[in-house]
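Chains as they are written, first to last, in the numbering used here: chain A, 1 to 115; chain B, 116 to 226.
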Amino acid sequence: KAGVTQTPRYLIKTRGQQVTLSCSPISGHRSVSWYQQTPGQGLQFLFEYFSETQRNKGNFPGRFSGRQFSNSRSEMNVSTLELGDSALYLCASTTGSAGGKDTQYFGPGTRLTVL
Amino acid sequence: AQRVTQPEKLLSVFKGAPVELKCNYSYSGSPELFWYVQYSRQRLQLLLRHISRESIKGFTADLNKGETSFHLKKPFAQEEDSAMYYCALRAYGGSQGNLIFGKGTKLSVKP
């Protein structure tokens with residue numbers, strides 16, 4: 001079974017630009033969540049989508065948005081990039097079933113650098 | 116305010132010794148707590164969650180609501196346990212939940 005994949009793996013943008021990152025979950029998984037990892041702030045949760053609906057959300061400004069498609073693939077978009085948005089962006093997928101028994105699988109991340 | 120505190124940035128133990136990674140939380144609601152692990156040059160992994168009451172790779176964690184803690188324990192540490200460990204709290208505000216992470220503890224198990 002293929003793992004969680006993220007594209008692109010590396011990205012360089014300049015301030016003010018916007019960026020779209022993509023995440024393909026494991027086949028059959030309906031939940032995708034996104035995280036930001038930086039040396040200063042550590043790990044921070046962005047949002048989670050389940051069956052195309054945002055189910056959970058972190059404390060990020062509206063410049064950060066996401067969506068999920070009917071095939072469970074997800075994208076996150078950051079508009080008006082700031083230097084502080086430079087980070088490793090991780091996505092993870094689960095089946096999304098209730099009861100807390102399903103395993104969460106993470107992707108390798110997209111390294112975004114904002115110049 | 117909702118908060119997760121991991122008081123130790125670095126914890127160093129010898130192989131075979133017991134290990135306890137501390138996690139304290141601040142949350143007025145009913146907590147959902149998790150431990151994540153990131154081994155060197157590997158992907159982040161969900162290690163365990165309190166709701167499952169499971170033991171993974173010999174690690175256990177018990178939710179202590181009185182002390183608002185969710186410490187991760189293993190009776191005999193192995194060198195392969197060396198990694199970065201993150202504690203996280205699912206906190207709800209309205210219908211949606213945020214997942215709040217601690218700053219992490221780097222565990223080093225020496226031979």
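Ideal Cβ positions, reconstructed from N, Cα and C, are used throughout, including at glycine.
Own chain residues within Cβ distance below 7 Å of residue i, not counting five before or after
| i | result |
| --- | --- |
| A/G109 | Q6, L88, Y89, L90 |
| B/G212 | R205, A206 |
| B/S197 | L222, S223, V224 |
Beta-carbon spacing of residue i, residue j below 8 Å
| i | j | result |
| --- | --- | --- |
| B/L162 | B/L222 | no |
| B/L148 | B/R164 | yes |
| B/L187 | B/C138 | yes |
| A/S79 | A/R63 | yes |
| B/M199 | B/G219 | yes |
| A/L112 | A/S93 | no |
Sequence-distant residues of the same chain with beta carbon closer than 6 Å to residue i, five excluded per side
| i | result |
| --- | --- |
| A/S97 | none |
The beta strand (DSSP E) enclosing residue i, as first and last residue numbers
| i | result |
| --- | --- |
| A/R111 | 110 to 114 |
| B/T183 | Here B/T183 belongs to no beta strand (DSSP E), and DSSP marks it neither H nor E. |
| A/Q54 | 53 to 57 |
| B/V128 | 125 to 129 |
| B/I91 | An answer regarding residue 91 of chain B cannot be provided, because it is not within the stretch 116 to 226 covered by chain B. |
| A/G125 | With chain A running from 1 to 115 in the structure shown, residue 125 of chain A is simply not present. |
| B/N139 | 139 to 141 |
Option nearest residue i by Cα separation, candidates the options
| i | options | result |
| --- | --- | --- |
| A/L81 | A/T14, A/R9, A/V4 | A/T14 |
| B/G131 | B/K124, B/Q157, B/P122, B/E195 | B/E195 |
| B/Y142 | B/T220, B/G219, B/G208, B/K218 | B/G208 |
| A/S51 | A/Q17, A/L21, A/S72, A/F106 | A/S72 |
heavy atom of the ligand GTP below 7 Å from residue i C-beta
| i | result |
| --- | --- |
| B/K221 | Absence of the ligand GTP from the depicted structure is noted, as is the absence of any ligand whatsoever, leaving it without description. |
If you measure beta-carbon to beta-carbon, which residues of the stretch 102 to 113 of chain A are closer than 9 Å to chain B? From the stretch 102 to 113 of chain A, only T103, Q104, Y105, F106, G107, P108, G109 have a Cβ closer than 9 Å to chain B.
For the stretch 201 to 213 of chain B, which residues have a CB atom closer than 7 Å to at least one CB atom of chain A, in sequence order? Against chain A - using a Cβ distance shorter than 7 Å - the residues of the stretch 201 to 213 of chain B are Y201, Q211, G212, N213.
Can you pull out the residues from the stretch 15 to 26 of chain A whose beta carbon lies closer than 7 Å to at least one beta carbon of chain B? Within the stretch 15 to 26 of chain A, no residue qualifies.
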